[in-house]
Amino acid sequence: MTHPSRRRLAAATLAIAALTLTACSGDSDGDAAVSGDDESFGDISVQLSWIKNEEFAGEFFALENGYYTDAGLGEVTLTAGPSTGAAELISGTTDVALSDAVSIGSVVASEGAPLKIIGTTFQKNPFTVLSLTDGGDIATPADLVGKRIGVQDSNTALFQALLAANDIDPADVEVVPVQYDPAPSSRARSTGSSPTSPTRPSPWRPTAPRRRTSPSPTTASRSWPRRSR
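The sequence shown maps to residues -25 to -1, 1 to 204 in mature numbering (1 follows the signal peptide of the UniProt record, and there is no 0).
(1) Quick one: residues in its chain with C-beta nearer than 7 Å to the C-beta of residue 213, no 5 flanking neighbours on either side, listed in chain order?
(2) Which value, in whole angstroms, describes the spacing of the CA atoms of G94 and A76?
(3) Can you tell me which of the three DSSP states A46 falls into?
(4) Does the distance from the C-beta atom of K122 to that of V83 stay below 8 Å?
(5) Is T95 close to chain D, meaning its C-beta is less than 8 Å from at least one C-beta of that chain?
(6) Within its chain, find whatever has a CB closer than 7 Å to the CB of A146; leave out the 5 residues flanking it on each side and keep chain order.
(7) Based on Cα-Cα distance, which residue from D144, S20, A61 lies nearest to S85?
(8) Measure the CB-CB distance between V150 and I113 and report whether it falls below 8 Å.
(9) Which same chain residues end up closer than 7 Å to I143 when comparing Cβ atoms and leaving out the 5 residues on each side of it in sequence?
(10) If you scan the stretch 58 to 108 from start to end, which runs of the alpha helix (DSSP H) of 4 or more residues do you find wholly inside it?
(11) Who are the near neighbours of I26 in its chain, counting only those whose CB is closer than 7 Å to its CB and skipping five residues on each side?
(12) Could you pull out every residue in the same chain whose Cβ sits closer than 6 Å to the Cβ of S78, ignoring the five residues on either side in sequence?
(13) Looking at the structure shown, is D18 part of a helix, part of a strand, or coil, going by DSSP?
(14) Tell me, please, which residues DSSP counts as bridged to V150.
(15) Could you tell me the distance, in whole angstroms, from the CA atom of D18 to the CA atom of L133?
(16) Is the beta carbon of S15 closer than 8 Å to that of G67?
(17) Taking DSSP as the reference, what is the three-state secondary structure of T131?
(18) Can you name the residues that DSSP bridges to T52?
(19) Taking the alpha helix (DSSP H) that E39 falls in, what are its first and last residues?
(20) Return helix, strand or coil for A114, following the three-state DSSP convention.
(21) Spatial neighbours of F31 within its chain, please: C-beta separation below 6 Å, excluding the five flanking residues on both sides.
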């Protein structure tokens, strides 16, 4: 495997991001926009944050249809998670990782990890708060006050950031530990839930209307190790 230089790695990463958007949008003009010249960017490895599912459809579609090769990349390896990608980046076992800003930012802040966020995957934040309109009826961040909200352990930092960004005292919101299933909201265990990402079809079919809000202050991101010049 031929590892690209820092400059080529940056260019290759931008090419992957552009091609992913092209694959998702079906815009055939994307090839010309990212191919530039015939210089090869070399091989590149990408650590995905979650299991192989529809969240990464753009990356796999581009791989299977040869878009990466057309853009001047060599072998592109997409490694399924779950993983924040931080450990893989620091150890050098991957060149780029798809993660979220909270996970990467926490590692940088607490451990001084030499990581850098270089772009976003989603145009809008996929993190959401779900509630029943005849239950919690949460439409805005302010509606969280006085409510019982189910939060997964991995999303605790994100939910705390949401409260802080909206000047909400954590003591005014009751947090209930839950797993990745919105069903507790229908069983009155909580009046809302904060799922990680709406990338999987939910098996839950409530009889009451659901309300979804997306007030999260962070986005899924692409990260790579910061190297000295």
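Don't be surprised by glycine CBs; every beta carbon is placed ideally from N, CA and C. The structure presented is a predicted model; accordingly, all values stated were derived computationally and were not measured.
The short version:
(1) Residue 213 lies beyond the range of the chain shown here (-25 to 204); nothing can be said about it.
(2) Locating residue 94 in the sequence shown gives position 119, where the first residue counts as 1. Locating residue 76 in the sequence shown gives position 101, where the first residue counts as 1. C-alpha of G94 to C-alpha of A76: approximately 10 Å in a straight line.
(3) Position 71 of the sequence shown, counted from the first residue, corresponds to residue 46. Collapsing the DSSP output to three states places A46 in coil.
(4) Taking the first residue of the sequence shown as 1, we reach residue 122 at position 147. Taking the first residue of the sequence shown as 1, we reach residue 83 at position 108. No, the Cβ-Cβ distance between K122 and V83 is not below 8 Å.
(5) Considering every chain present, this structure includes no chain D. It has just one protein chain.
(6) Sequence index remark: in the sequence shown, residue 146 carries index 171 (1-based). Close CB contacts of A146 within its chain, under the 7 Å cut and outside five residues either way in sequence, are absent.
(7) Position 110 of the sequence shown, counted from the first residue, corresponds to residue 85. Per the Cα distances, A61.
(8) The residue you call residue 150 lines up with position 175 of the sequence shown. The residue you call residue 113 lines up with position 138 of the sequence shown. At a Cβ-Cβ threshold of 8 Å, V150 and I113 do not count as neighbours.
(9) Counted from its first residue, the sequence shown places residue 143 at position 168. For I143, where only same-chain residues beyond five positions count, the Cβ hits under 7 Å are P116, L119, V120.
(10) Restricted to the stretch 58 to 108, the alpha helix (DSSP H) segments that are unbroken, complete and at least 4 residues in length are 61 to 66, 76 to 86, listed in chain order.
(11) As a first step, residue 26 is located in the sequence shown; it is residue number 51 there, counting from the start. Cβ neighbours of I26 beyond the five flanking positions: A55, G56, P57.
(12) Start at 1 with the first residue of the sequence shown, and residue 78 comes out as number 103. So the qualifying residues of the chain are T59.
(13) As a first step, residue 18 must be located in the sequence shown, where it is residue number 43. Strand.
(14) Taking the first residue of the sequence shown as position 1, residue 150 is located at position 175. I124.
(15) As a working mapping, residue 18 is identified with position 43 in the sequence shown. As a working mapping, residue 133 is identified with position 158 in the sequence shown. Distance between the alpha carbons of D18 and L133 is about 33 Å.
(16) For this step, residue 67 is matched to residue 92 along the sequence shown. For this step, residue 15 is matched to residue 40 along the sequence shown. Result no, Cβ atoms of G67 and S15 do not sit closer than 8 Å.
(17) Counted from its first residue, the sequence shown places residue 131 at position 156. Here DSSP, grouped into helix, strand and coil, assigns T131 to helix.
(18) Within the sequence shown, the letter at position 77 stands for residue 52. The partner list for T52 (beta bridge, DSSP) reads S20.
(19) Position 64 of the sequence shown, counted from the first residue, corresponds to residue 39. It spans 32 to 39 - the alpha helix (DSSP H) in which E39 sits, taken as one unbroken run.
(20) Locating residue 114 in the sequence shown gives position 139, where the first residue counts as 1. Here A114 sits in coil by DSSP.
(21) Reading the sequence shown from its first residue, position 56 is the one you call residue 31. Answer for F31: L23, listed in chain order.
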